[in-house]
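Numbering (the numbering used here), first residue to last: 28 to 518. Heads up: the structure comes next, in structure tokens.
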């Protein structure tokens with residue numbers, strides 16, 4: 028069993044590290060570039076509508092997937108009975124979700140064309156939610172390889188389908204945002220069908236089943252978690268909507284240029300959270316000291332995020348120019364926005380560690396209070412900065428909000444677990460950070476290695492890794508320890 032879990036973990040990591048970032052920076056970013064050349068601003072409108080759909084995405088789950096995974100894992104024989112009730116509840120929530128999206132879109136005075144886009148995007152989110160629900164059953168039934176394949180299948184279909192039209196030498200004039208949205212509908216639909224077929228081999232034929240008591244109990248038990256996700260979604264995604272509504276869709280595009288890279292990098296923290304949640308949950312349940320594994324995880328994610336941030340910061344304009352063929356004021360504005368997002372990435376990455384720990388501990392009251400304050404900070408900053416600074420102001424607001432939540436989560440964690448970063452480790456962290464900053468400055472300003480930004484980028488990654496080991500931020504044995512903890516907790 029241990030070998031099965033570890034091999035699946037490695038398989039999932041490889042699939043996600045290769046396929047999802049390639050989709051974001053290859054397909055999504057290329058769609059951005061092509062559509063902006065043909066119809067400037069349309070990607071900004073799409074990006075705003077997509078962000079709006081994410082804000083209310085929690086309505087499609089309400090904690091049902093986690094509840095379902097635990098229930099099915101404990102009693103595989105009754106999976107078809109649980110599927111009846113949970114699938115019915117999912118459909119009800121999906122209808123409510125679409126209705127709310129439509130009402131919000133109408134309130135924001137979207138035209139009928141934009142409302143159509145919003146509803147199709149909302150339908151795509153429903154398909155994704157259904158895929159995640161069926162995947163929770165695959166995971167509970169220990170169909171781990173199948174779950175791993177489904178986790179990236181939609182992105183793989185989009186890479187092959189959209190990639191053919193983008194790179195096969197075909198006339199790109201028909202490629203539009205609507206083409207991209209409908210391509211997602213196709214990919215999600217095919218993935219959902221394949222996932223359903225996989226699951227049907229382990230379940231009986233079932234019908235929809237209305238169980239009001241089950242619905243009420245499920246929603247009531249998941250409300251604190253659902254509230255947390257909703258509040259966090261506001262300060263994660265509302266900035267794009269505010270940029271588009273308060274300025275224009277061109278400003279939203281400026282934000283999207285750097286945000287595509289942010290999302291690709293963010294996959295690292297997301298994978299960390301997936302590994303750490305079962306580890307933290309079991310250790311807290313068994314009353315095992317979690318200080319060592321917490322700081323190990325923090326050091327590892329800090330190392331990775333700082334190297335990425337400081338290696339890319341000095342050449343952010345060159346990277347955006349290379350990817351999107353930007354120049355002039357557009358390039359400068361987008362690269363300034365990207366810079367703030369890079370700093371935000373460091374905070375977000377570390378948030379995955381402490382947020383996961385506090386979630387595993389059940390500290391939802393404290394997390395909800397923190398998230399509510401974060402929402403106010405983010406909205407106040409956005410309302411103040413976006414009218415004058417556009418996407419740069421929104422990215423700065425996001426960075427301040429994320430560092431606030433990081434400091435708050437460290438403080439809350441200290442109250443519950445009494446952990447402190449030893450002075451020796453603090454000195455090493457500061458030494459590593461200072462050394463990498465100086466290395467980045469010298470290499471990119473004085474060009475002592477090369478005049479090529481690509482060579483300097485690779486050099487800084489290598490230098491950052493070297494100093495990370497030299498300052499004992501992390502070692503190979505630390506990674507092995509983390510994987511061993513995951514293996515033991517899944518046994």
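Even glycine gets a Cβ: it sits at the ideal position worked out from N, Cα and C. Nothing here was measured: the structure is a model prediction, and the numbers come from that model.
Q) For residue 131, which of 80, 274, 390 has the nearest alpha-carbon? A) As a position in the chain shown, residue 131 is number 104, starting the count at 1. It is 80 whose Cα lies nearest to the Cα of residue 131.
Q) Where does residue 269 fall in DSSP's three states? A) Here residue 269 corresponds to residue number 242 of the chain shown, with the count starting at 1. Here residue 269 sits in helix by DSSP.
Q. Do you know whose CA, among 330, 371, 370, lies nearest residue 462's CA?
A. Your numbering for residue 462 matches position 435 in the chain shown. Minimum Cα distance to residue 462 is reached at 330.
Q. Does the beta-carbon of residue 25 have 16 or more other beta-carbons within 10 angstroms, so that it is buried, or is it exposed?
A. Coverage of the chain is limited to positions 28 through 518, which leaves residue 25 absent and any answer about it impossible.
(Q) Suppose the cutoff is 7 Å on Cβ atoms and the five residues either side in sequence are ignored; what does the same chain contact list for residue 85 look like? (A) On the chain shown, residue 85 is found 58 positions in, with the first residue counted as 1. Once the five neighbours on either side are set aside, the close Cβ partners of residue 85 are 253, 256, 257, 260.
Q) Using CA coordinates, which residue listed in 222, 63, 291, 251 is at the minimum distance from residue 50? A) Here residue 50 corresponds to residue number 23 of the chain shown, with the count starting at 1. Comparing Cα positions, the closest option is 291.
Q) First and last residue of the alpha helix (DSSP H) that includes residue 489? A) Residue 489 sits at position 462 when you count from the first residue of the chain shown. Run containing residue 489: 480-497, per the alpha helix (DSSP H) assignment.
(Q) Taking only three categories from DSSP, how would you classify residue 119? (A) As a first step, residue 119 must be located in the chain shown, where it is residue number 92. In the structure shown, residue 119 sits in a helix (DSSP, three-state: H, G or I).
Q: Have a look at 311, 369, 371, 357 and flag the residue whose alpha-carbon is nearest the alpha-carbon of residue 277.
A: Taking the first residue of the chain shown as 1, we reach residue 277 at position 250. Residue 277 has its Cα closest to that of 357, out of 311, 369, 371, 357.
**Q.** Same chain, Cβ closer than 7 Å to residue 77, neighbours up to 5 away in sequence not counted
**A.** Numbered from its first residue, the chain shown carries residue 77 at position 50. Residues of the same chain with a CB within less than 7 Å of the CB of residue 77, apart from the 5 flanking positions on each side, are 148 in chain order.
Q | Buried versus exposed, by CB contacts within 10 Å (16 or more), residue 457 | A | In the chain shown, the residue the question calls residue 457 occupies position 430. Its Cβ having fewer than 16 others within 10 Å, residue 457 is exposed.
(Q) So, does the region 373-384 touch the region 317-335, judging by three or more C-beta pairs under 8 Å? (A) yes
Q: Tell whether a beta-carbon distance below 9 Å holds between residue 176 and residue 42.
A: As a working mapping, residue 176 is identified with position 149 in the chain shown. As a working mapping, residue 42 is identified with position 15 in the chain shown. Pairing residue 176 with residue 42 gives a Cβ-Cβ distance under 9 Å.
Q. Out of curiosity, what's the CA-to-CA distance linking residue 439 and residue 379?
A. For this step, residue 439 is matched to residue 412 along the chain shown. For this step, residue 379 is matched to residue 352 along the chain shown. Rounded to the nearest angstrom, the two C-alpha atoms are 14 Å apart.
Q) What does a CB cutoff of less than 8 Å around residue 475 pick up in its chain, not counting 5 residues either side in sequence? A) Mapped onto the chain shown, residue 475 falls at position 448. Correct list, in chain order: 469.
Q: Report the three-state DSSP secondary structure of residue 31 (helix, strand or coil).
A: Position 4 of the chain shown, counted from the first residue, corresponds to residue 31. Reliability of the predicted coordinates at residue 31 is poor, the pLDDT of 47 falling under 50, and the value obtained from them is presented with this limitation in mind. Helix, per DSSP.
Q) Less than 9 Å separating the beta-carbons of residue 219 and residue 302? A) Within the chain shown, residue 219 is the residue found at index 192, counting from 1. Within the chain shown, residue 302 is the residue found at index 275, counting from 1. No, they are not a contact pair.
**Q.** Inter-residue Cα distance where the pair is residue 327 and residue 430
**A.** Taking the first residue of the chain shown as position 1, residue 327 is located at position 300. Taking the first residue of the chain shown as position 1, residue 430 is located at position 403. Answer to the nearest angstrom: the Cα atoms are 18 Å apart.
Q. How many Å lie between residue 333 and residue 373 at the Cα?
A. Within the chain shown, numbered from 1, the residue matching residue 333 stands at position 306. Within the chain shown, numbered from 1, the residue matching residue 373 stands at position 346. Rounded to the nearest angstrom, the two C-alpha atoms are 6 Å apart.
(Q) Going by beta-carbon coordinates alone, are residue 72 and residue 173 separated by less than 9 Å? (A) Stepping through the chain shown from its first residue, residue 72 is reached at position 45. Stepping through the chain shown from its first residue, residue 173 is reached at position 146. Going by C-beta atoms, residue 72 is not nearer than 9 Å to residue 173.
**Q.** Close-in-space but distant-in-sequence residues of the same chain around residue 348 (CB under 6 Å, 5 per side omitted)
**A.** For the purposes of this step, residue 348 is taken as the residue at position 321 of the chain shown. If we look at residue 348 and ignore the five residues flanking it on each side, its Cβ neighbours are 358.
Q) Should residue 500 be labelled buried (16 or more other beta-carbon atoms within 10 Å of its own) or exposed? A) Position 473 of the chain shown, counted from the first residue, corresponds to residue 500. Counting Cβ neighbours within 10 Å, residue 500 comes out buried, since at least 16 surround it.
**Q.** Check whether residue 390 and residue 443 have beta carbons under 9 Å apart
**A.** In the chain shown, the residue the question calls residue 390 occupies position 363. In the chain shown, the residue the question calls residue 443 occupies position 416. It is a contact, given that the beta carbons lie within the stated cut-off.
**Q.** Cutoff 6 Å; reference residue 47; Cβ partners in own chain excluding five residues on either side
**A.** Your numbering for residue 47 matches position 20 in the chain shown. Excluding residues within five positions, the ones whose Cβ falls inside 6 Å are 182, 294.
Q: Note the first and the last residue of the continuous alpha helix (DSSP H) segment covering residue 457.
A: Position 430 of the chain shown holds residue 457. Element bounds for residue 457: 450-473.
Q.
Suppose you measure from the CA of residue 138 to the CA of residue 145; what does that come to, to the nearest Å?
A. Taking the chain shown and counting its residues from 1, the one referred to as residue 138 is at position 111. Taking the chain shown and counting its residues from 1, the one referred to as residue 145 is at position 118. In a straight line, the C-alpha of residue 138 is about 10 Å away from that of residue 145.
Q: Return the Cβ separation of residue 281 and residue 361 in integer angstroms, given the expectation that the two are a contact with Cβ distance under 8 Å.
A: By one-based count along the chain shown, residue 281 stands at place 254. By one-based count along the chain shown, residue 361 stands at place 334. Yes, residue 281 and residue 361 are in contact; Cβ-Cβ is about 5 Å, under 8 Å.
Q: Grab the span of the alpha helix (DSSP H) containing residue 212 for me, first residue to last.
A: For the purposes of this step, residue 212 is taken as the residue at position 185 of the chain shown. Start and end: 204-227.
(Q) Taking only three categories from DSSP, how would you classify residue 89? (A) As a working note, residue 89 is residue 62 in the chain shown. Reduced to three states, the DSSP call for residue 89 is coil.
(Q) Let's see if you can read the secondary structure: which residues bound the alpha helix (DSSP H) around residue 375? (A) Mapped onto the chain shown, residue 375 falls at position 348. Start and end: 355-387.
Q. Is residue 501 helix, strand or coil by DSSP?
A. Working through the chain shown from its first residue, we reach residue 501 at position 474. Looking at residue 501 - three-state DSSP - the assignment turns out to be coil, as it is neither helix nor strand.
Q: Return the residue from the list 296, 162, 366, 187 that minimises the CA-CA distance to residue 44.
A: As a working mapping, residue 44 is identified with position 17 in the chain shown. Residue 44 has its Cα closest to that of 296, out of 296, 162, 366, 187.
Q. Can you list, in chain order, the residues of its chain whose CB lies under 8 Å from that of residue 127, leaving out five sequence neighbours each side?
A. Numbered from its first residue, the chain shown carries residue 127 at position 100. Excluding positions up to five away in sequence, the list reads 83, 86.
Q. Which residue's Cα is closest to the Cα of residue 164: 195, 193, 212, 223?
A. Here residue 164 refers to the residue found at position 137 of the chain shown. Comparing Cα-Cα distances from residue 164 to each of 195, 193, 212, 223, the minimum goes to 223.
Q | Entirely enclosed alpha helix (DSSP H) segments - the region 290-359, minimum 4 residues | A | Counting whole runs of 4 or more residues, the region 290-359 contains the alpha helix (DSSP H) stretches 318-339, 343-351.
Q.
For residue 414 and residue 420, I'd like the C-alpha separation in whole angstroms.
A. As a position in the chain shown, residue 414 is number 387, starting the count at 1. As a position in the chain shown, residue 420 is number 393, starting the count at 1. Cα-Cα distance, rounded: 8 Å.
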